[in-house]
Amino acid sequence: MIQYNGVVNNYNKEDKTIEQRNQSSTLHLRKLDNWVKLYLIQEYCRNCKRVLDLACGKGGDLQKWREHNIKDYVGVDIADRSIADAVVRFKNMKNPEFCARFVVANIGQINLTDVLQQGEMFDIISCQFALHYMFESEAMIRNFLSNVSLFLKPGAAFVATLCDCDAIVRCFRCLAHREGEEWVWRVSRRNDFTNRTPSAALPLIRKTTKKSIISMRIRMVFATASLWPSRWMMFRNTSRHCRVSNRFAKNTDLSWKRK
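Going by the UniProt record's numbering, the residue at position 118 of the sequence shown is 118; the numbering climbs one at a time, nothing skipped.
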């Protein structure tokens, strides 16, 4: 089970300086994340006026949405410090030309009708690199998808990104050995994976990148400071729950349109 206080504290950390971010071991991953999000927004935010951004974090995507001439933005996140930073980011934007609201809420445990206006609908709902947290339990993912369904206009798109557990495990196995029935992977230094990657995991990473740019099959979460138990989840579980909910029709990539 996820300790949500730990998740909140993790995302409520103080912002690093630009120099610290540029020296981070996850710099290239974050750049890739931003490229994927930009691609998705460009692909699905065409003539979209109202955006619901679930797990919006510190508002790092506000500029991306702005460039598509949206009129109304609602950001929801579990971390109060992140929401406060998002508010500051929005206030510091020059001529944003859209209205924005920010809400602190656990999108997997509450009914969003408690914090949003009942009956309001959105042209696009986005959940970037946070969907895996919804798989703590079946009840949580069902509640999350119910929230999406309630606020998604017919014909509109729900767009999400998440890790592919299978690809990550394959990368681990490139650097591991078997002890009995278990795979063992050890790190002696923080940059151990980087040092050993060229002959092992990089070819796999390049190969999987070509296969899918949307499902983020190559996001190496073990490079981050924190590794939450639910961060690895099976993509097929997402599809199964969406089929069970009978609310979404899957497109060719990791997005769903409401029937």
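Built from N, CA and C at the ideal position, the CB exists for glycine as well.
Keep in mind the model is a prediction, meaning the values are calculated, not measured.
{"query": "Residue 161 and residue 129 closer than 8 Å at C-beta", "result": "yes"}
{"query": "DSSP-derived helix/strand/coil call for residue 74", "result": "strand"}
{"query": "Range of the contiguous beta strand (DSSP E) that encloses residue 153", "result": "152-161"}
{"query": "Beta-carbon spacing of residue 64, residue 38 below 8 Å", "result": "yes"}
{"query": "Residues near residue 43 by beta carbon distance below 6 Å, same chain, minus five either side", "result": "none"}
{"query": "Residue 55 and residue 127 closer than 8 Å at C-beta", "result": "yes"}
{"query": "The beta strand (DSSP E) enclosing residue 100, as first and last residue numbers", "result": "99-104"}
{"query": "Contacts around residue 159, its chain only, beta-carbon distance under 6 Å, and the 5 residues preceding and following it disregarded", "result": "40, 44, 126 and 255"}
{"query": "CA-to-CA distance, residue 154 to residue 85, given in whole angstroms", "result": "32 Å"}
{"query": "For residue 60 and residue 34, the rounded distance between their alpha carbons", "result": "9 Å"}
{"query": "From 90, 32, 71 and 87, residue whose alpha carbon lies closest to that of residue 47", "result": "71"}
{"query": "Local Cβ density within 10 Å of residue 75, reported as buried at 16 or more and exposed below that", "result": "buried"}
{"query": "Runs of alpha helix (DSSP H) wholly within the segment 31-75 (minimum 4 residues, chain order)", "result": "62-66"}
{"query": "Cβ-based burial, residue 36 [other Cβ within 10 Å; buried from 16]", "result": "buried"}
{"query": "Spatial neighbours of residue 91 in its chain, beta-carbon cut-off 7 Å, leaving aside the 5 residues before and after", "result": "none"}
{"query": "Three-state class that DSSP yields for residue 122 in the structure shown", "result": "strand"}
{"query": "For residue 203, three-class secondary structure by DSSP", "result": "Confidence is the limiting factor: at residue 203 the pLDDT is only 49, short of 50, which leaves the residue's position unreliable, though a coordinate-based value still follows. Looking at residue 203 - three-state DSSP - the assignment turns out to be helix."}
{"query": "Cβ pair residue 147, residue 83 closer than 8 Å", "result": "no"}
{"query": "Candidates 133, 101, 124 and 132, of which the one nearest residue 156 by Cα", "result": "124"}
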